[in-house]
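Notes for the one structure printed next.
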Amino acid sequence: MDLQQRDELTSILHECMETCNHCFDACLQEEDPGHMVNCIRLDRECSDFCGYVEQALTRDTPFAEELLRTCAVICRACADECRQHHHDHCQRCAEVCDRCAAMCEKITAA
Numbered sequence: 003m004d005l006q007q008r009d010e011l012t013s014i015l016h017e018c019m020e021t022c023n024h025c026f027d028a029c030l031q032e033e034d035p036g037h038m039v040n041c042i043r044l045d046r047e048c049s050d051f052c053g054y055v056e057q058a059l060t061r062d063t064p065f066a067e068e069l070l071r072t073c074a075v076i077c078r079a080c081a082d083e084c085r086q087h088h089h090d091h092c093q094r095c096a097e098v099c100d101r102c103a104a105m106c107e108k109i110t111a112a
C-alpha cells in the first residue's frame, strides 16, 4: 500500500468511526431505543474496529491485510443493519460504512 492509499484509507476509517459514533449516540436518543439494540451494538463494534485499524495502519502493522478484511466484514454488517432503519443518521452511517468496506476490499484485492 502506498502512502496515498494509506492516507485515503485512514481518512475513510476515521470518518466511519465518527459516523458510527454519531449513529450510536443518535440511536440512544430515539423514542424507543430498544428496537435499535442491534444497530447500536454494530455501530459500537464498527467504530471501535475502524479506530483500531486506523491506529494500526499508522504504526505500519504487519497485519494490515487481515485487519482490513475483518474491517470490511464489520463495516458491511453495520451498513446492512443501519440500512434497515429510516432514520437519517442510520442511512448516513450505512453509506459511510459501505464506502469504508469498499476501500478495505479494494486494497486487500490489489
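The sequence shown begins at 3 in the working numbering and counts up by one. Ideal Cβ positions, reconstructed from N, Cα and C, are used throughout, including at glycine. Here the structure is a predicted model, which is why all the values come from computation and not from measurement.
| Asked | Found |
| --- | --- |
| Three CB pairs or more closer than 8 Å across the region 14 to 29 and the region 88 to 101 | yes |
| Distance, Ala79 Cα to Cys48 Cα | 9 Å |
| Spatial neighbours of Arg8 in its chain, beta-carbon cut-off 7 Å, leaving aside the 5 residues before and after | Leu59 |
| Straight-line gap, Pro35 to Ile42 (C-alpha atoms, nearest Å) | 9 Å |
| Check whether Cys52 and Leu5 have beta carbons under 7 Å apart | no |
| Same chain, Cβ closer than 7 Å to Glu67, neighbours up to 5 away in sequence not counted | Thr110 |
| When Thr63, Cys84 and Glu56 are compared against Cys95, the one with the closest alpha-carbon | Cys84 |
| Nearest neighbour of Cys106, chosen from Cys92, Ile76 and Gln93 [CA to CA] | Ile76 |
| Buried or exposed (CB count within 10 angstroms, at least 16 for buried), Glu2 | Outside the displayed span of the chain (3 to 112) sits residue 2, for which this structure offers no information. |
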